[in-house]
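Heads up, the sequence shown is in my numbering, so the first residue is 68 and it goes up one at a time.
Glycine included, each C-beta is placed from N, C-alpha and C at the ideal position.
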Amino acid sequence: MKKIRRCCIAFALFLFSINTGRAQLLLSNTYWIDYDSSNVFSFYWHFDNNTLSGCIDGITYSPTSGYIEYGSSFLIVDIAPSTCSATDTGHYTFSIQNDTLRFTIAADACTPRSGYLSSHYFVAQITGLESEHSFSTLQVHPNPFNDQLNFTSANEPLQIRLYDITGRIIFNQSVQGSKSLNTSQLAKGIYFYDVRNDRGVIKQGKVVKE
């Protein structure tokens, strides 16, 4: 059954590639950080050609779904094991504005998936130790760090959040100007951060404590 399903998905994607020709694919080979409607970090996602992969640590991605896109249309079929049936293809439209991806449901019999995609938003990230967006004046240093992590920016109110690899919030502070975080109590390893202003997430990335 699994082999038949994979063949069906592969054949559908093959037909799609023939029909779309040289159509520009906006999601292919992109990375996103996922937040729920309360602006709480949820997951990391990678759209790799026609496969959607996710992870909690931003490092080890696992395939979750097959997808196709054309223009602003988006079709998704989950890879087993899944709460969705093999015949439950989700139909959505999507938009990308200011590095933020949002989905709007057209039809989807899989309620968990439709609820998730409709209530979450995805902020673009760049692979590597740091991901920068339009707010280029904000600096996060040093990286790697030891007992102190500094955020230096223009004189604007900001919200800084630092997460461990499980997504647990370590720091959540409002600052204006510059801020030094005492990180002496943190274990060595990888941490993630995001910085927000009143318009939303302006920068997120990965830092390493040595």
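Asked	Found
At a cut-off of 7 Å, is glutamine 215 close to the ligand NAD when judged by its beta-carbon and the heavy atoms of the ligand?	By its list of ligands, the structure shown contains no ligand whatsoever, and the ligand NAD lies outside what it can speak to.
Please report the distance separating the alpha-carbon of phenylalanine 141 from that of tyrosine 102.	19 Å
Whose C-beta lies closer than 8 Å to the C-beta of asparagine 116 among residues of the same chain, with five residues either side of it excluded?	Ser95 and Asn96
So glutamine 243 packs on glutamine 192, CB below 8 Å; how close in whole Å?	Contact flag wrong, Cβ pair sits at about 25 Å.
Are the region 166 to 181 and the region 144 to 156 in contact at 8 Å, needing three or more beta carbon pairs?	yes
Return the chain-ordered ranges of every beta strand (DSSP E) run that is complete within the region 122 to 198 and spans a minimum of 3 residues.	129 to 137, 140 to 145, 157 to 164, 167 to 174 and 188 to 192
Quick one: what's got a C-beta closer than 7 Å to tyrosine 128's C-beta in the same chain, skipping five residues either side?	His113, Ser120, Gly121 and Cys122
Between serine 251 and tryptophan 99, what straight-line distance do the alpha-carbon atoms span, to the nearest angstrom?	30 Å
Return helix, strand or coil for lysine 273, following the three-state DSSP convention.	strand
DSSP on serine 203, reduced to helix/strand/coil?	In this predicted model, serine 203 has a pLDDT of only 47, less than 50, meaning its place in the structure is not dependable; the value taken from the coordinates is given anyway. In the structure shown, serine 203 sits in coil (DSSP, three-state: anything other than H, G, I, E or B).
With the cut-off set at 8 Å, would you say isoleucine 143 and proline 130 are in Cβ contact?	no
Which of the three DSSP states, helix, strand or coil, is assigned to arginine 235?	coil
Closest to glycine 234 by C-alpha separation, out of Lys255, Thr156 and Gly125, would be which residue?	Gly125
Compute the Euclidean distance between the alpha carbons of threonine 225 and valine 262, then round it to the nearest angstrom.	For the record, residue 225 in the displayed sequence is leucine; it is not threonine. Looking at the two C-alpha atoms, the distance is approximately 7 Å.
Ends of the beta strand (DSSP E) at serine 251?	No beta strand (DSSP E) holds serine 251; DSSP gives it neither H nor E.
Under 8 Å Cβ to Cβ from serine 185, same chain only, skipping five residues before and after it: list those, please.	Phe170, Thr171 and Ile172
Quick one: is threonine 219 buried, meaning 16 or more other Cβ sit within 10 Å of its Cβ, or exposed?	exposed
Take the Cβ of valine 15 as the centre, count every other Cβ of all protein chains shown within 10 Å, and call the residue buried at 16 or more, exposed below.	With the chain covering only 68 through 277, there is no way to say anything about residue 15.
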